[in-house]
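Student: Those protein sequences? They're chains A and B, same order as listed. Start counting the first sequence at 188; every next residue gets the next number (our numbering). Start counting the second sequence at 987; every next residue gets the next number (our numbering). No residue lacks a Cβ here, since even glycine has one placed at the ideal position from N, Cα and C.
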Amino acid sequence: MCLLTSCEKEIDLDYHQVDPIYVVEASVSNNGTEVRISQTNAMDDNNGISNISGAKVTLSADNGQQWDIPYSRNGFYRSSTLRGEAGTTYTIEVALDGQHYTSTSTMQRAPTLNKFRFVWMKVASERIMFGDLRLQDIPNEDSWYFMHIYRNGIGYRWAVMRDDQNPNKELQQLFTFFREGSNDSDVLQEGDHLYIEIRAIDQRAYDYLYSMQLMDNTGTNPIPNFTGGCLGYFSAYHQITYDCVFHVADAEEDD
Amino acid sequence: MFILSTLISALLALPADTIRTEQIDEVVVTSNSARQRVLNVQAGAEQLQLKELTATPSLFGENDVMRSLQLLPGVKAESDASSSFQVRGGTAAQNLVLFDHAPVYNVGHLAGLFSTFNEDALGSATLYKGLLPAQYGGASSAVLDLTGRTGNKHDWHGGASIGLLSAKGTIEGPIVKDKASFLVTARRSYLDLFLKLTDDFRHNTLYFYDINAKLDWTLTQRDQLFLTFFTGYDRTALEDMIDIRWNNLASSLKWLHHFRGDSYAQTTLLYSGYHTDNGIDLLGMNIWFDGHIRQESLRQDFHVALGEHQFDAGFFSTLMNVKSAEWQFINKHVKEQRRAWENAAWINGIFHLSDRLTASAGLRAGTFSPLGGSLYYDIEENGDIGWYYNYGDNQIVKTHFTLEPRASLNYQLSILNFPFSIKAAYARTAQNLHALRNQNTSTPFDRYTLSSNIVKPEIADQFSLGFFAMTPDQAYDFSLEGYYRKVDNVLDYRDGKSFSSEIEIERLILPGEGKGYGAELSVRKNTGRLTGWLAYTLSWSKTRINGINGGRWYDANNDRRHDISIVAMYQLGKRWMLNAAWVFNTGQAFTAPSGKYQIEDNWIYYYAERNGYRAPDYHRLDISAVWSKRYKRSTREWVFSIYNLYNHYNPYLINFEDSENGARTKAKQYSLFGIVPSIAYNIKF
Chain A
188 MCLLTSCEKE IDLDYHQVDP IYVVEASVSN NGTEVRISQT NAMDDNNGIS
238 NISGAKVTLS ADNGQQWDIP YSRNGFYRSS TLRGEAGTTY TIEVALDGQH
288 YTSTSTMQRA PTLNKFRFVW MKVASERIMF GDLRLQDIPN EDSWYFMHIY
338 RNGIGYRWAV MRDDQNPNKE LQQLFTFFRE GSNDSDVLQE GDHLYIEIRA
388 IDQRAYDYLY SMQLMDNTGT NPIPNFTGGC LGYFSAYHQI TYDCVFHVAD
438 AEEDD
Chain B
987 MFILSTLISA LLALPADTIR TEQIDEVVVT SNSARQRVLN VQAGAEQLQL
1037 KELTATPSLF GENDVMRSLQ LLPGVKAESD ASSSFQVRGG TAAQNLVLFD
1087 HAPVYNVGHL AGLFSTFNED ALGSATLYKG LLPAQYGGAS SAVLDLTGRT
1137 GNKHDWHGGA SIGLLSAKGT IEGPIVKDKA SFLVTARRSY LDLFLKLTDD
1187 FRHNTLYFYD INAKLDWTLT QRDQLFLTFF TGYDRTALED MIDIRWNNLA
1237 SSLKWLHHFR GDSYAQTTLL YSGYHTDNGI DLLGMNIWFD GHIRQESLRQ
1287 DFHVALGEHQ FDAGFFSTLM NVKSAEWQFI NKHVKEQRRA WENAAWINGI
1337 FHLSDRLTAS AGLRAGTFSP LGGSLYYDIE ENGDIGWYYN YGDNQIVKTH
1387 FTLEPRASLN YQLSILNFPF SIKAAYARTA QNLHALRNQN TSTPFDRYTL
1437 SSNIVKPEIA DQFSLGFFAM TPDQAYDFSL EGYYRKVDNV LDYRDGKSFS
1487 SEIEIERLIL PGEGKGYGAE LSVRKNTGRL TGWLAYTLSW SKTRINGING
1537 GRWYDANNDR RHDISIVAMY QLGKRWMLNA AWVFNTGQAF TAPSGKYQIE
1587 DNWIYYYAER NGYRAPDYHR LDISAVWSKR YKRSTREWVF SIYNLYNHYN
1637 PYLINFEDSE NGARTKAKQY SLFGIVPSIA YNIKF
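Next up, the structure:
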C-alpha cells in the first residue's frame, strides 16, 4: 500500500527520435589541456559514448597566444604540455562540419582541502552515510568550486559550491552517500577506493554545472556555455586531488 | 527515503543524487440547482451548494470543499498531493481564493492532503471559472469566493468529529440573544501524537491546525457587523535537522448596511498573510529560507436593486508586501522584499431586457504601483543585472493601468416545455501577484513576486458560449460550454534556473503568452434516491515564451486532453447514504529527455522540447458509506470511506535512471497513494 510513501514502477515511454547534437567538454588546467567531443545518444542506445574525431580544436589565451589541440583517440583532443596559468582567460574554438563552437573561461588559483570525513547521521528511523568535505576558501577573491568523487574509477558523486556562504573561511560540502541496510549498487563497500577531484573554477563554468545539478528538478538543459548550439562546457581550472579508502570503522558518528 | 532524499536535495541542491447563504451544516459540492444553472446570467459561475448531505467520498474521511470542487466540469485537481484546483487551462497560481473577501494563498495542509478550509466554518461558496463579474479581480483564471458561516443567534449548538488523522470541534451560540452570535471551530491533526509513541520518530514533528472564528452583531435593523478570523499552521520537522512551516492568516471586519428594498452597502477592512519558513541543519551546515505575502486592504461595495435591474459598484485599495525569499546560508544572508499599492474601482449591472434576455455588463479599472524602498533592476538578455534602481521609501516606481471589461448574455427559450438557455460571455481579468513553481504542484518552495518595472500584469481574455437545458421537473439538467482563453505576460523559469538559483526573482524568469480552449459537458440527476452527475472536459492549454522551447508553442504542464468525473449519491433507507466518485484523465504533459550524453563522467539527459511527453492515464474510484441517526438532542454519524478502491497507482512523479555506463535507461513512475481506507465519527448538537 502506498500511503504517504512512494510506490515506484517502471513505465514504458516512446521516446522521440531527434537528430544527434554535438557535445564538447573542454578544459585547461594545471595538468594540461583536454577536449572531448561526442554526440548525444538516443535514449534506447546502450552502446556507450559516441566519440567524434575530425574536428579542428583551437585554444587561445588573452595574451594573444594560440595553439592547435591535436586529436588523440576516443574523441579526445589533448595536449599534456599546454598547462593553464592562473588569471589567464582562455578561448576554445571547435570547428566541426562547417559549424563553429566557442567558449571562454578564466583560470583560477589552486584550491585547498582542509578535511574529508565519512559521517553516519540518524535521520528519522534510518542511518545515512554522508561525505563531509571542507575547503579553505581562496582568500580575497570570488571563488567557485567543483568537487567530484570517483569510486573505484567510476564517477560517484559531484557538486559545485561558491564561496559566498563563508568567504575567506572554511567552506563545507555534504554528499549523501547511502542509507544503511540498502542493497543498491550505490552503497560503498569496505575497501572501495575513493578519488576526489577538487577544482577552483570560474563563474561561467559554475553557472553551467550548477544548472546541470538542478536538471532533475528543472527538466531543462544546462545554461548554454558554448556559442554555436552544441552542448557541454569549457572550464579553465586549477585542480587538486585526494585519495582515500573507505572503511566503515573510520566513519564518525554525528553528535 | 525517496521523499527524504528529494527534500534534502531540494534544500541542499545536491546532485542526483499546486448572495450569501449561511447556517448550513455540512459541506458537499453538488454545484448550484438546475434552475440556477439554466437561468443565471453569469456564464461559468457555479454557486456551490454546501448541503446537509454526506460529502463526495474523500481522502481520510475528511469532507473537503477543495477536493470536492475538483469533480466539477472544467475543474481539475492540481495533483494527488494538492488541495489546489485548475480551471480551464489556468494554473492554481492564477486562481484567487477568498474567505470573507480576504485572500488565502496556500489552501493546503500536510503538503496538500487536506485543504485549509474546515467545512464547519463554511457558509457558501461560489466558483467563477474566469468569467468574473466586475466586483472581482486579481486573478487571471478562477475566483473561489467562500463565505464563513455565522453562529446561531437563538440557541447554542456544537459538534465534534474524530477522523483517522485529525479531530475538530465547533461551538456556536448567542452572545446577546437575537442580536449577536459567535462561531468558533478548530481542527488539529494528531499524527504527531502517534509519532511520539515510537522510538524512531518521537523527536519528529508533523502536524497542522486551523482555527476559524466569526462574530456577527446586529446593530440596528439595517446595520450588521461581521468579524472573521482564520488562521492555519503547518509544521513538518525531522528532529532538529529539517524544519518546514507555513502559516495562513485571513481576517476581515465588515459593516453591512441595508437600504430600502434589496439594496445595501458593505465596508470591509481586510488583512491577509501567508508566510513560509524552511530550514535544514545537517552536520553543521545551516540553511534557512523564508518568504511571505502580506496584504492590508479596504473594500467598499454598493449594491442597488432597481426593479428587475441590479447594479454593483465599489472600490478597493490594498497595500501589498511580498518577500519573494530571504536566505541564510551559513554566513550568507540575502533578501528580496517589495511593496506595492493596488487600487481598483468597478461598476457592474444586470439588466432584464425582456422575458427572454438578461445581460450583465461591467467595467473594472485598476492601477498597480510598485513602491520604492528596495532595489529594482534592469535585466539583460542572459539574466544578469544590467542596472540597479534605488527608489526612496514609498516612491512610485511605475504604475500599471488596466481596464477590464466584462459582459454576459443569457437568452432563454423553451423547447417542448424544456427550459433552455444560451449564454455568451467575455471577460478580461488582470493579476499582479505572480507565483513561480518548478513543479506542477504548489510547495512551500514556491516564490512570489509582484508586477514591477520589468514584470507586467498578467492579462487574461476569455470568451465562452454555452447551452443549458433542464427537464420541466428539474430532475435532470444538461450543459455544454465552450471557451477560449488567452493570457499575456505569463511567467516561467528560464532554462537551467530553479527557485534557489538567484535571490533576484526577475533573473530567473521569462515572460510569454498562453492560450487555452476546450469544451465542458455535464449531465446531472437532481432528484430521487440516486443523484449525481457526469462531467466531461475536452481541453488544450499551451504556452509560448521566447527563450524556452526555441520560442515555439508548447503544451502547458497542466495540459491534459480528456477529463471525466462521475459522481453518484444513493440514499439507502433512513440511515445510510452511499456515495461513489470515479475520476479519469488522459495523461498530463510532462518533460522527458530525448537523448543522453556524458559530461564529467556522468550521463545526463538532453531535453529537446518542453512538455513533449504524456504521463500514463490517471483514474481512481472512491466510495463512502455514511450512517447517521438523529437523536433528541444530537445527530451522530459514522463515515466509512475508501479512497482509490481498486488501488491504482497513479502517476505523481516520473524520473529517469540508467546504469553506470548510460545504458538501459528506465522511466520510473512514483505514486503517492494506493488504496486508503478511513473511518470518522461525527456528533452534532
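#1: Going by other Cβ atoms of all chains shown within 10 Å of its Cβ, with 16 needed for buried, is residue 206 of chain A buried or exposed?
#2: With DSSP as the reference, identify every bridge partner of residue 1472 of chain B, one or two as the case may be.
#3: Enumerate in chain order the residues of its own chain whose CB-to-CB distance from residue 1007 of chain B is below 7 Å, with the five nearest sequence positions on each side excluded.
#4: For residue 1317 of chain B, would you say it is in contact with chain A, using Cβ-to-Cβ distances shorter than 8 Å as the test?
#5: Going by alpha carbons, who is nearest to residue 1371 of chain B out of B:1218, B:1484, B:1493?
#6: Within 8 Å (strictly less), CB to CB, does residue 380 of chain A reach chain B?
#7: Roughly how far, in whole angstroms, is the beta-carbon of residue 1231 of chain B from the beta-carbon of residue 1196 of chain B, given that I think they are within contact range, below 8 Å?
#8: Buried or exposed: residue 1382 of chain B, going by 16 or more other Cβ atoms within 10 Å of its Cβ?
#9: Rounded to the nearest angstrom, what separates residue 1434 of chain B and residue 1489 of chain B at their Cα positions?
#10: For the region 306 to 336 of chain A, enumerate the residues whose C-beta is nearer than 9 Å to any C-beta of chain B, in chain order.
#11: Given a limit of 7 Å on CB to CB distance, which residues of the region 1186 to 1213 of chain B reach chain A?
#12: Quick one: which chain A residues come within Cβ less than 8 Å of residue 1115 of chain B?
#13: Which stretch, first to last residue, makes up the beta strand (DSSP E) that contains residue 1434 of chain B?
#14: For residue 445 of chain A and chain B, any beta-carbon pair shorter than 8 Å?
#15: Just verifying my parser: in three-state terms, what is the DSSP assignment at residue 308 of chain A?
#16: Quick one: is residue 1651 of chain B near chain A, going by C-beta distance under 8 Å?
#17: For residue 1539 of chain B, which residues of its own chain have a beta-carbon under 6 Å away from its beta-carbon, when the five flanking residues on both sides are left out?
#18: Using 8 Å as the limit for Cβ to Cβ distance, is residue 1582 of chain B near chain A?
#19: Find the residues of chain C that neighbour residue 359 of chain A, judging by a C-beta separation of less than 7 Å, and give them in chain order.
#20: Which full runs of the beta strand (DSSP E) of 3+ residues lie inside the region 1208 to 1239 of chain B, going along the chain?
#21: Runs of 3 residues minimum, wholly inside the region 1323 to 1367 of chain B: which ones carry the beta strand (DSSP E) assignment?
#22: Could you have a look at residue 269 of chain A and say whether DSSP puts it in helix, strand or coil?
#23: Which runs of the alpha helix (DSSP H) fall wholly inside the region 334 to 398 of chain A and span at least 4 residues, in chain order?
#24: Give the DSSP bridge partners of residue 1282 of chain B, in chain order.
#25: Take residue 195 of chain A and list the residues in its own chain whose beta-carbon comes closer than 7 Å to its own, dropping the five residues that flank it on each side.
#26: Taking the straight line between their C-alpha atoms, what separation do you get for residue 251 of chain A and residue 274 of chain A?
#27: Looking at the secondary structure, which residues open and close the alpha helix (DSSP H) in which residue 1052 of chain B lies?
#28: Report all residues from its chain with a CB closer than 8 Å to the CB of residue 350 of chain A; omit the five preceding and five following residues, and keep chain order.
#29: Based on Cα-Cα distance, which residue from B:1548, B:1406, B:1479, B:1072 lies nearest to residue 1458 of chain B?
#30: Could you tell me the boundaries of the beta strand (DSSP E) in which residue 255 of chain A lies?
#31: For a contact meaning CB atoms closer than 8 Å, what does residue 264 of chain A contact in chain B?
#32: Which parts of the region 1540 to 1604 of chain B are runs of the beta strand (DSSP E), unbroken and 3 residues or longer, counting only runs that do not cross its ends?
#33: Check the Cβ of residue 1224 of chain B against every Cβ in chain A and list those closer than 7 Å, keeping chain order.
#34: Please check if any C-beta of chain A sits within less than 8 Å of the C-beta of residue 1006 of chain B.
#35: Does the beta carbon of residue 352 of chain A sit closer than 8 Å to a beta carbon anywhere in chain B?
#36: So which residues on chain A does residue 1579 of chain B lean against when the C-beta distance must stay under 8 Å?
Tutor: The answer reads as follows:
#1: exposed
#2: B:1447, B:1501
#3: Caution applies to residue 1007 of chain B, whose pLDDT of 30 falls short of 50 and renders its modelled position unreliable; the model cannot decide the point.
#4: yes
#5: B:1493
#6: no
#7: Contact doesn't hold; Cβ gap of about 14 Å is too wide.
#8: exposed
#9: 12 Å
#10: 306, 308, 309, 310, 311, 312, 313, 315, 317, 319, 333, 335
#11: 1186, 1187, 1190
#12: Here the premise fails: no neighbours, minimum Cβ distance about 29 Å.
#13: 1433 to 1436
#14: Summary: the structure shown does not reach residue 445 of chain A, with chain A confined to residues 188 through 442, and so no result is reported for it.
#15: strand
#16: yes
#17: 1528, 1530
#18: yes
#19: Judged by its chain identifiers, the structure shown contains no chain C, and its protein chains are A and B.
#20: 1209 to 1224
#21: 1343 to 1357, 1361 to 1365
#22: coil
#23: none
#24: B:1257, B:1305
#25: none
#26: 14 Å
#27: 1051 to 1055
#28: 324, 325, 329, 330, 331, 332, 358
#29: B:1406
#30: 253 to 256
#31: Near residue 264 of chain A there are no residues of chain B at all, since even the closest Cβ is about 16 Å away, more than 8 Å.
#32: 1548 to 1558, 1562 to 1571, 1581 to 1585, 1588 to 1592
#33: 310, 311
#34: Per-residue confidence for residue 1006 of chain B stands at a pLDDT of 30, beneath the threshold of 50, marking its modelled position as unreliable; the derived number appears in the next sentence. Judged by the 8 Å Cβ criterion, residue 1006 of chain B is not in contact with chain A.
#35: yes
#36: 202, 230
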